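Following: one structure in structure tokens, then a few remarks.
Protein chains: 2
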Amino acid sequence: MKSRARKPGDGRRISGGNVTMADIGRLAGVSQVTVSRALSAPAKVSPETLERIRDAIRVTGFVPNAVAGALASNKSRLISALVPSVTNIVYASMLHAFSNIMLGHGYQLMLSETGFDPEREEAAISAHLSRRPDALLLTGIHHSAGARRMLLAAGIPVVEVWDITETPIDCCVGFSHGAAGVAAAEFAHAAGYRQAVTVTAGDERAIRRRNAFVERFRQLSGGDVMGVDFDSTATLGAGRQALVDLLDRGMPRGCLVFCSSDQFAQGVLVEARARGLSVPGDLAVIGFGDQEFAAHLDPALTSIRVDRDVLGRVAANALLARFERRADVEAVHDVGFEIIRRASA
Amino acid sequence: MKSRARKPGDGRRISGGNVTMADIGRLAGVSQVTVSRALSAPAKVSPETLERIRDAIRVTGFVPNAVAGALASNKSRLISALVPSVTNIVYASMLHAFSNIMLGHGYQLMLSETGFDPEREEAAISAHLSRRPDALLLTGIHHSAGARRMLLAAGIPVVEVWDITETPIDCCVGFSHGAAGVAAAEFAHAAGYRQAVTVTAGDERAIRRRNAFVERFRQLSGGDVMGVDFDSTATLGAGRQALVDLLDRGMPRGCLVFCSSDQFAQGVLVEARARGLSVPGDLAVIGFGDQEFAAHLDPALTSIRVDRDVLGRVAANALLARFERRADVEAVHDVGFEIIRRASA
DNA sequence: TGAAGCTATGTATGCGCTAACATTTGGGCC
DNA sequence: GGCCCAAATGTTAGCGCATACATAGCTTCA
Numbered sequence: 032m033k034s035r036a037r038k039p040g041d042g043r044r045i046s047g048g049n050v051t052m053a054d055i056g057r058l059a060g061v062s063q064v065t066v067s068r069a070l071s072a073p074a075k076v077s078p079e080t081l082e083r084i085r086d087a088i089r090v091t092g093f094v095p096n097a098v099a100g101a102l103a104s105n106k107s108r109l110i111s112a113l114v115p116s117v118t119n120i121v122y123a124s125m126l127h128a129f130s131n132i133m134l135g136h137g138y139q140l141m142l143s144e145t146g147f148d149p150e151r152e153e154a155a156i157s158a159h160l161s162r163r164p165d166a167l168l169l170t171g172i173h174h175s176a177g178a179r180r181m182l183l184a185a186g187i188p189v190v191e192v193w194d195i196t197e198t199p200i201d202c203c204v205g206f207s208h209g210a211a212g213v214a215a216a217e218f219a220h221a222a223g224y225r226q227a228v229t230v231t232a233g234d235e236r237a238i239r240r241r242n243a244f245v246e247r248f249r250q251l252s253g254g255d256v257m258g259v260d261f262d263s264t265a266t267l268g269a270g271r272q273a274l275v276d277l278l279d280r281g282m283p284r285g286c287l288v289f290c291s292s293d294q295f296a297q298g299v300l301v302e303a304r305a306r307g308l309s310v311p312g313d314l315a316v317i318g319f320g321d322q323e324f325a326a327h328l329d330p331a332l333t334s335i336r337v338d339r340d341v342l343g344r345v346a347a348n349a350l351l352a353r354f355e356r357r358a359d360v361e362a363v364h365d366v367g368f369e370i371i372r373r374a375s376a
Numbered sequence: 032m033k034s035r036a037r038k039p040g041d042g043r044r045i046s047g048g049n050v051t052m053a054d055i056g057r058l059a060g061v062s063q064v065t066v067s068r069a070l071s072a073p074a075k076v077s078p079e080t081l082e083r084i085r086d087a088i089r090v091t092g093f094v095p096n097a098v099a100g101a102l103a104s105n106k107s108r109l110i111s112a113l114v115p116s117v118t119n120i121v122y123a124s125m126l127h128a129f130s131n132i133m134l135g136h137g138y139q140l141m142l143s144e145t146g147f148d149p150e151r152e153e154a155a156i157s158a159h160l161s162r163r164p165d166a167l168l169l170t171g172i173h174h175s176a177g178a179r180r181m182l183l184a185a186g187i188p189v190v191e192v193w194d195i196t197e198t199p200i201d202c203c204v205g206f207s208h209g210a211a212g213v214a215a216a217e218f219a220h221a222a223g224y225r226q227a228v229t230v231t232a233g234d235e236r237a238i239r240r241r242n243a244f245v246e247r248f249r250q251l252s253g254g255d256v257m258g259v260d261f262d263s264t265a266t267l268g269a270g271r272q273a274l275v276d277l278l279d280r281g282m283p284r285g286c287l288v289f290c291s292s293d294q295f296a297q298g299v300l301v302e303a304r305a306r307g308l309s310v311p312g313d314l315a316v317i318g319f320g321d322q323e324f325a326a327h328l329d330p331a332l333t334s335i336r337v338d339r340d341v342l343g344r345v346a347a348n349a350l351l352a353r354f355e356r357r358a359d360v361e362a363v364h365d366v367g368f369e370i371i372r373r374a375s376a
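If you want it as structure tokens, here you go:
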């Protein structure tokens, strides 16, 4: 009896889908291994046999079971990616570049969102590791102790993106958020701004940029820097509200608004226009991310650009290099950032 | 001998990660099955045994191998999602809502981008099916013949989103793009517009909306409707360029620009402002998607809203219903759309 | 001409888990 | 006291592949 007794509705496929290599072999008059070879190393199979096998596959619609393959070979050709949010273009475009390269090398992507929450991240890591991915992409360099332990125990390549550290779990690709904040402060000071305020999302990296900005700007200008912080992710509406709050709190005229994202910055610009405030006269604005719309706003938005495409590509290549145990791979890749000066600051 | 001889570098984990249930059982003084039960049905295991097993798991950092579990049970608890692009907020936010619900029910997500290309979609479907997902989410209702064949043979729940049809592969959640185009034409005519042009991305659904709009608008106004088509996805810059082209081609004054996305519409608004054209005086604009920025543009953008959150949630629930073989599930879910009238048209 | 090597295939085994069935133990009950 | 049943655990048999090793038929060339 080929199949054991099963209750209905127990997950057994209705039809197709459960054709196996053994079935194909039977049809083609060869053994299961030869079918396996025909798929993974066709050069090792004679042309005639190959053709019979391919016919059988075509006729049956056979799709090899990669789950079984992964179990047998201990290689899943699956990559896990954990990002804070897919609706944030900044992560989505990095993912896009990353997954395109991995796909080109035969790897599929498993995705989870962590929402900037280390506990959710830890849960996701555990869930993903149970799937035995061949590698893992994490966003950021701060992870719970439990997460670090699991990742080290898993013994697979891990790339942390969007930040850099001298002590990555395995390797990291990103840039220094502290340096970005400092550069923005120096840019603002050099541009003549002596007063600044901040608008920051509930994102640990945004907070680090803000802190570095505030510290450096205080050093340079001596003044105090007030700010509006959000728990949540950046939206245009929140940016508008932030400017309302800042004006209520007596935000000085002619000051620079350092925003943790272009969404906030656009909101500030929109609210300023609605109130008849001139930019950069009454207030100047600097965003982060240099999204496509930044250059087209009126006034065009000054922003900190990070090449998310390069980020994703470098991360993918770092993993591929690790798979091939290439010796030339470095653990820390700084992709840098660039302040794009436009009319808003 | 427990492990066979292996060459170095053949994918074997370095440490941890290859603890098995049998190892845990040995430590806890029970058999492997009891460990399995402790994890999947703890009520069936005595409290003392449970505690010893949990201790052993804690000590070793054991993470169960879901690959083996999936092979044995023929249930992967994996859902495949194929979307045209994750960088398009319209799909990203739908995915976000979808994956949140699935995650809450213990399902992980496998993701691929298809780039509006049926061939890429077919390849992705094949790759995903080899992973034996428990269900599949597809974008759109048009798929290659090969794709349809594979999906039917797989015998798993499939939900097609962003469109509806009377003949889904399994079930679909979306709205009628033809109806949306017709509604936009009727809205435009009722608002007094007698001339219209279109700006359309290389997206089969956008083209269908456009065609329906053009046909209905012609019926109502008698006039011709010219348009700019892009092969690629919608960007603000392309929208600007589209208006440039349309003006060059003698686009009539006071006409309505029907855009296949808010990105295009924003580009048209930006270009109009740059040229000193008034909106909706010199030209009116209607977008699609009602993204967050639409309401904040100047003038605020009239757009066709589709509730992407509901779309993702309904799609998730449709799959969950199928898993539970609930009888109350319908095959076609029309989530509708809504024209949000603002200042731009 | 025969040993060595190569090509094409096959056999055996097990990856780590779940599902079905078997067994043991200890009450509860008539 | 014997019977039945439930609770707790164990035994067995695969899931569909990939890997290691074995084997048969052919070349090749010393």
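For the record, the sequence lines run as chains F and B. Residues in the first sequence are numbered from 32 upward in steps of one, following the working numbering. Residues in the second sequence are numbered from 32 upward in steps of one, following the working numbering. Where is the CB? At the ideal position from N, CA and C, for every residue including glycine. As the structure is a prediction and not an experimental result, all values here were calculated from the model.
- Message: Can you look up residue 361 of chain B in the DSSP assignment and give me helix, strand or coil?
- Response: Counted from its first residue, the second sequence places residue 361 of chain B at position 330. Looking at residue 361 of chain B - three-state DSSP - the assignment turns out to be coil, as it is neither helix nor strand.
- Unbroken alpha helix (DSSP H) run spanning residue 129 of chain F, endpoints: Numbered from 1 along the first sequence, position 98 holds the residue referred to as residue 129 of chain F. Looking at the DSSP string, the run of the alpha helix (DSSP H) that includes residue 129 of chain F is 120-135.
- Query: Using a Cβ-Cβ distance under 8 Å, would residue 285 of chain F count as near chain B?
  - Reply: Within the first sequence, the letter at position 254 stands for residue 285 of chain F. Not an interface residue.
- Query: Looking at the unbroken alpha helix (DSSP H) that takes in residue 181 of chain F, where does it start and where does it end?
  - Reply: By 1-based counting over the first sequence, the position of residue 181 of chain F is 150. Residue 181 of chain F -> alpha helix (DSSP H) spans 176-185.
- Task: Check the Cβ of residue 181 of chain B against every Cβ in chain F and list those closer than 8 Å, keeping chain order.
- Result: For this step, residue 181 of chain B is matched to residue 150 along the second sequence. Within chain F, the residues near residue 181 of chain B are 92 and 94.
- DSSP three-state call for residue 315 of chain B: helix, strand or coil? As a working note, residue 315 of chain B is residue 284 in the second sequence. Residue 315 of chain B: strand per DSSP, three-state reduction.
- By a C-beta neighbour count over all protein chains shown, 10 Å radius and 16 as the cutoff for buried, is residue 198 of chain B buried or exposed? Here residue 198 of chain B refers to the residue found at position 167 when the second sequence is read from its first residue. Per the 10 Å Cβ criterion, exposed.
- Nearest residue (CA-CA) to residue 267 of chain F, options B:324, B:229 and B:279: Here residue 267 of chain F corresponds to residue number 236 of the first sequence, with the count starting at 1. Measuring from the Cα of residue 267 of chain F, the nearest candidate turns out to be B:324.
- Return the Cβ separation of residue 340 of chain F and residue 128 of chain F in integer angstroms, given the expectation that the two are a contact with Cβ distance under 8 Å. Taking the first sequence and counting its residues from 1, one reaches residue 340 of chain F at position 309. Taking the first sequence and counting its residues from 1, one reaches residue 128 of chain F at position 97. 5 Å between Cβ atoms; contact.
- Select from the stretch 301-330 of chain F all residues with a C-beta closer than 7 Å to any C-beta belonging to chain B, and list them in chain order. 301, 304, 323, 324, 327 and 329
- Give me the Cβ distance between residue 247 of chain B and residue 212 of chain B, rounded to the nearest whole Å; I'm assuming they're in contact under 8 Å. Translated into the one-based positions of the second sequence, residue 247 of chain B becomes position 216. Translated into the one-based positions of the second sequence, residue 212 of chain B becomes position 181. Between residue 212 of chain B and residue 247 of chain B the Cβ distance is about 7 Å, and since that is below 8 Å, they are a contact.
- Secondary structure at residue 90 of chain F, three-state DSSP: helix, strand or coil? Taking the first sequence and counting its residues from 1, the one referred to as residue 90 of chain F is at position 59. It is helical.
- Message: Using 8 Å as the cut-off, can you tell me whether the stretch 119-135 of chain B makes contact with the stretch 108-125 of chain F, which would need three or more C-beta pairs spanning the two stretches below that distance?
- Response: yes
- Query: In chain F, which residues lie less than 7 Å from residue 87 of chain B when you measure between Cβ atoms?
  - Reply: Numbered from its first residue, the second sequence carries residue 87 of chain B at position 56. Neighbours of residue 87 of chain B on chain F: none; closest Cβ ~15 Å, over 7 Å.
- With 8 Å as the C-beta to C-beta threshold (strictly closer), list the residues of the stretch 262-291 of chain F near chain B in chain order. 266, 267, 268 and 271
- Please confirm whether residue 161 of chain F and residue 97 of chain B have their CB atoms less than 8 Å apart. Taking the first sequence and counting its residues from 1, the one referred to as residue 161 of chain F is at position 130. Taking the second sequence and counting its residues from 1, the one referred to as residue 97 of chain B is at position 66. Cβ atoms of residue 161 of chain F and residue 97 of chain B: closer than 8 Å.
- Taking residue 384 of chain F as the reference, give the member of F:342, F:369 and F:374 with the closest Cα. Residue 384 of chain F is absent from the model: chain F starts at 32 and stops at 376.
- Item | Within chain F, the residues that residue 80 of chain B reaches when beta carbons sit closer than 9 Å | Numbered from its first residue, the second sequence carries residue 80 of chain B at position 49. Neighbours of residue 80 of chain B on chain F: none; closest Cβ ~22 Å, over 9 Å.
- Message: Assuming contact is defined by CB atoms lying nearer than 8 Å, are residue 205 of chain B and residue 189 of chain B in contact in what I supplied?
- Response: What you label residue 205 of chain B is simply residue 174 of the second sequence in a count that begins at 1. What you label residue 189 of chain B is simply residue 158 of the second sequence in a count that begins at 1. No. Outside cutoff.
- Item | Residue-level contact to chain F via CB, residue 117 of chain B, 8 Å cutoff | Translated into positions along the second sequence, residue 117 of chain B becomes position 86. Yes, its Cβ sits closer than 8 Å to a Cβ of chain F.
- Query: At a Cβ threshold of 8 Å, is residue 63 of chain F touching chain B?
  - Reply: Translated into positions along the first sequence, residue 63 of chain F becomes position 32. It does not: the Cβ of residue 63 of chain F has no partner Cβ on chain B nearer than 8 Å.
- Message: Which of the three DSSP states is assigned to residue 38 of chain B in this structure?
- Response: On the second sequence, residue 38 of chain B is found 7 positions in, with the first residue counted as 1. Reliability fails at residue 38 of chain B, whose pLDDT of 30 lies under 50, so the model's placement of it is uncertain and the value that follows must be treated cautiously. In the structure shown, residue 38 of chain B sits in coil (DSSP, three-state: anything other than H, G, I, E or B).
- Within 8 Å (strictly less), CB to CB, does residue 163 of chain B reach chain F? On the second sequence, position 132 is the one that residue 163 of chain B refers to. With 8 Å as the cut-off, residue 163 of chain B counts as an interface residue toward chain F.
- With a cut-off of 8 Å, do at least 3 Cβ pairs link the stretch 263-277 of chain B to the stretch 298-306 of chain B? yes
- Segment limits, alpha helix (DSSP H) that includes residue 50 of chain B: By 1-based counting over the second sequence, the position of residue 50 of chain B is 19. Element bounds for residue 50 of chain B: n/a, residue is neither H nor E.
- Query: Which residues, in order along the stretch 129-163 of chain B, keep a beta-carbon less than 8 Å from a beta-carbon of chain F?
  - Reply: 130, 131, 134, 139, 140, 141, 142, 143, 144, 157, 158, 159, 160, 161, 162 and 163
- With 8 Å set as the bound, which would you pick, yes or no: does the beta-carbon of residue 124 of chain F sit closer than that to a beta-carbon of chain B? Counting from one through the first sequence, the residue named residue 124 of chain F turns up at place 93. Yes, contact with chain B.
- Could you work out which residues of chain F lie near residue 390 of chain B, taking near to mean beta carbons separated by less than 7 Å? Shown here, chain B extends from 32 to 376; a query on residue 390 of chain B therefore has no answer.
- Please name the residue in F:225, F:238, F:215 and F:51 whose C-alpha comes closest to that of residue 91 of chain F. Taking the first residue of the first sequence as position 1, residue 91 of chain F is located at position 60. Checking every option, the nearest Cα to that of residue 91 of chain F belongs to F:51.
- Message: On a Cα-Cα basis, can you pick out the residue from B:375, B:373 and B:345 that is closest to residue 365 of chain B?
- Response: Residue mapping note: residue 365 of chain B aligns to position 334 of the second sequence, counting from 1. If we check each option's Cα against that of residue 365 of chain B, B:345 comes out closest.
- Task: Below 8 Å between beta carbons is the criterion; list the residues of the stretch 52-77 of chain F that meet it against any residue of chain B, in chain order.
- Result: none
- Smallest Cα separation from residue 369 of chain B: which of B:208, B:137, B:151 and B:361? Counting from 1 along the second sequence, the entry for residue 369 of chain B is found at position 338. The shortest C-alpha separation from residue 369 of chain B is found at B:208.
- Query: To the nearest angstrom, how far is it from the Cα of residue 62 of chain F to the Cα of residue 56 of chain F?
  - Reply: In the first sequence, the residue the question calls residue 62 of chain F occupies position 31. In the first sequence, the residue the question calls residue 56 of chain F occupies position 25. Distance between the alpha carbons of residue 62 of chain F and residue 56 of chain F is about 5 Å.
- Task: State yes or no: is the C-beta of residue 202 of chain F within less than 8 Å of the C-beta of residue 347 of chain F?
- Result: Stepping through the first sequence from its first residue, residue 202 of chain F is reached at position 171. Stepping through the first sequence from its first residue, residue 347 of chain F is reached at position 316. Their beta carbons are not under 8 Å apart, which means residue 202 of chain F does not touch residue 347 of chain F by this criterion.
- Query: By the criterion of Cβ-Cβ separation under 9 Å, what are the contact partners of residue 226 of chain F in chain B?
  - Reply: Start at 1 with the first residue of the first sequence, and residue 226 of chain F comes out as number 195. Neighbours of residue 226 of chain F on chain B: none; closest Cβ ~26 Å, over 9 Å.
- Item | For residue 102 of chain B and residue 33 of chain F, the rounded distance between their alpha carbons | In the first sequence, residue 33 of chain F corresponds to position 2, counting from 1. In the second sequence, residue 102 of chain B corresponds to position 71, counting from 1. Confidence in residue 33 of chain F is poor, its pLDDT being 31 and thus under 50, which makes the residue's placement too unreliable to answer from.
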